[in-house]
Amino acid sequence: MAYQSFRDFLNSLDKAAELIRFTDPIATELEITELADRQMKSPGGGKALFIEKPTVNGLLSPFPVAINAMGSFRRMALALGAESLDALAGEIAGIVKAKPPLSVRDAFKLLSAALELRHTRPKMVANGPCHEVIHTFEPKPTRAEPWPEAPTISDSRLQARGPAPTLLNLPILKCWPLDAGRFITLPCVVTKDPETGIRNVGMYRMQVYDPETTGMHWQLQKVAARHARRHYDRGERMPVAVFLGGDPAFTFAATAPLPDDFDEFLLAGFLRKRSVELVRCVTCPLEVPADADIVIEGYIDPREPLRMEGPFGDHTGYYSLPEPYPVFHITAITHRKEAVYPATVVGIPPMEDFYIGTAAVKLFLPVLKMNFPELVDIALPAEGVFHNLVFASIRKTYPMQAYKIMHGLWGMGQMMFSKYIVVVDDDVDVHNTSEVVFRLCANTDPQRDCIFTKGPADVLDHATPDIGVGTKLGFDATRKLPGEGFKRPWPPIIRMDAETKARIDKMLSSLGQGSEPTRRS
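Under the numbering used here, read the sequence shown as residues -13 to 507, first letter to last.
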């Protein structure tokens, strides 16, 4: 199902009783965060919120705010136009199983080719709703001197003036008390490799410095950072386009762990069952979805000094501290006449990003299974904030197989950031943390069943001794086989036999009580 705009998606949530509307003015400074955080911490992720009258420094913004729109499994499925995430995963499994690939990269190539055959390849159109209102800015001379400290959000220079849209008209949130200012938290950032022309759509937070500049927080290992280095080597300005809203499939695709050369708009087209229509930007040679709600065009100049960005209350549950990042100069802001500003908040889990990340794992599990046939399931618990903790279940058939899975996962894309990996047997539900912890405690000897290794770490991990480099720890919590240093017989786990369970189920049913759930199956 393809949505025509983010507002179209919100209307769908409204009909499904998944949306709460607020008609009173609510401040973009901290108040929207507090409202959203209470929903995100509610069972199942709470409801999506639609703030009709957000205020910026006490002034009403012309753009309403939507937040927590994908913060539950049901809303995540609705965002992707699916009956369920399992149904979508089944479609992907059917594609990659049709011609079994030799590797994960081959699997993604096969998936890309299959999606093109399904007519989901993006296509160019002459114009679109994202160009209903256009405001352009003059490019600035290259700055040579160091940047000043960023002004505070209460500074009078940060008051929006006049009808022309600038960053200060947008209801950009200050999320947490110690944040350095306002941050765009759900931007889809479009860049291109200057050598190959291959496009990438990623998501990197953007701190607002003034009406026409922001920070661009792409970390060292990100694709856009590599594109930037190639532009820097050429000494030329790097065009960048940022879009917000439109079909939520765009936002999901921008966050998905895809290979570098996999077109995010191709994935979005598959999810929405219709090609993504793209328009050329007004002031830079990039393409954005025609039905996006808001587009911010501009460039990064490699000859300019970096500027301090942060602190920012991050998905780790802690503030990421100030670090130097590139400055994004705005050359145009375009938007729909009735645009909605989509936002999210990250912090101590669970938050909205948990549901987005879990959906990505579920959808691409069939691709992982092509490379690891013993793999049954993977979970990234909310407490692990994505990279800190991975649970994997396998069908174990030979000694040390758990370590094969650990090293294989550490060698795959963003899984390289995983700090802890716990591997369990196939009879464990990895989405039930208590089951995994039970097996971890019961099935491991700390000296025998752990492995330490070093590798790249999440730049936002404040516990590593050096930025971007850290230690990983793997746990083999599977039953032990001969050859794994275990000399005694392995005991069976305690379970009731099926016949007794069936008799008790029948007895309880006759009493109108139904069957009791078991702690472990």
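We put the beta carbon where it would ideally sit given N, CA and C, even for glycine.
Check whether the segment 278 to 296 touches the segment 312 to 332, taking contact to mean three or more Cβ pairs, one atom from each stretch, closer than 8 Å. yes
Which residue comes first and which comes last in the alpha helix (DSSP H) that contains ARG7? First-last for ARG7: 5 to 13, but that is the beta strand (DSSP E), not the alpha helix (DSSP H).
Where the alpha helix (DSSP H) through GLY44 begins and ends: That residue, GLY44, is in no alpha helix (DSSP H); it is neither H nor E in DSSP.
For a test of the three-state rule: what should DSSP assign to HIS315, helix, strand or coil? strand
Do ALA278 and ARG322 come within 9 Å of each other at the CB atom, strictly closer than that value? yes
Can you list, in chain order, the residues of its chain whose CB lies under 6 Å from that of ILE6, leaving out five sequence neighbours each side? LYS33, LEU35
Do VAL313 and LEU159 come within 9 Å of each other at the CB atom, strictly closer than that value? no
Closest by CA to ILE445, which one among ILE437, HIS373, PRO197? Checking the displayed sequence, the identity of residue 445 turns out to be Val instead of Ile. Ranking ILE437, HIS373, PRO197 by Cα distance to VAL445 puts HIS373 first.
Simplified DSSP assignment, three categories, for ASN374: coil
Mind checking whether VAL371 and GLY303 have CB atoms under 9 Å apart? yes
Per-residue DSSP class, three states only, for SER507: Unreliable placement is indicated for SER507, whose pLDDT of 43 sits below 50; the coordinate value is still reported in the next sentence. Looking at SER507 - three-state DSSP - the assignment turns out to be coil, as it is neither helix nor strand.
Residue from ARG381, MET402, GLN387, MET356 whose Cα sits closest to the Cα of LEU375: MET402
Could you check what DSSP says for ARG434 in three-state terms: helix, strand or coil? coil
Less than 9 Å separating the beta-carbons of SER379 and VAL409? yes
If you draw a straight line from the alpha carbon of ARG24 to that of ALA75, how long is it in whole angstroms? 30 Å
The alpha helix (DSSP H) spanning THR19 covers which residue range? 17 to 26
Helix, strand or coil for ALA78 per DSSP? A quick correction: the sequence has Ile, not Ala, at residue 78. In this structure, ILE78 counts as helix in the three-state DSSP scheme.
Can you tell me whether GLY498 is helix, strand or coil according to DSSP? coil
Grab me the residues of ALA242's own chain with a C-beta within less than 8 Å of its C-beta, minus the 5 sequence neighbours each way, in chain order. GLU250, LEU253, ALA346, LEU349, PHE350
Roughly how many whole angstroms lie between the Cα atoms of PRO197 and GLU135? 15 Å
Environment of PHE(-5) [buried if 16+ CB atoms lie within 10 Å]: buried
Going by DSSP, what residue range makes up the alpha helix (DSSP H) through HIS393? 387 to 396
DSSP state of GLU421, grouped into three classes? helix
Own chain partners of SER306 with C-beta closer than 7 Å, once the 5 adjacent residues on each side are dropped: GLY296, PRO297, PHE298, ASP300, LEU446
Any 3 or more C-beta pairs closer than 8 Å across the segment 38 to 48 and the segment 8 to 15: yes
Is there contact between the segment 203 to 222 and the segment 175 to 195, where contact requires at least three CB pairs shorter than 8 Å? yes
Below 9 Å between beta carbons: does that hold for ARG293 and ALA130? no
Find the nearest neighbour of PRO180 within the set TRP204, LEU272, LEU244, LEU154, judged by alpha-carbon distance. LEU272
Expressed to the nearest angstrom, what Euclidean distance is found between the alpha-carbon atoms of LEU153 and GLN400? 31 Å
Per DSSP, GLY284 is paired with what? VAL226, ILE316
Reduced DSSP secondary structure (H/G/I, E/B, other) of ALA278: coil
Below 8 Å on the Cβ atoms is my contact criterion, and I expect CYS161 with ALA240 to pass it. Report the Cβ-Cβ distance as a whole number of Å. That pair is no contact at about 19 Å.
Who does HIS121 pair with in a DSSP beta bridge? ILE319
Exposure label - ASP435; buried when at least 16 CB within 10 Å: buried
Per DSSP, PHE358 forms a beta bridge with which residues? Answer is none; PHE358 lacks a bridge partner.
Comparing alpha-carbon positions, which option in ALA365, PRO291, GLY232, GLN387 lies nearest SER404? ALA365
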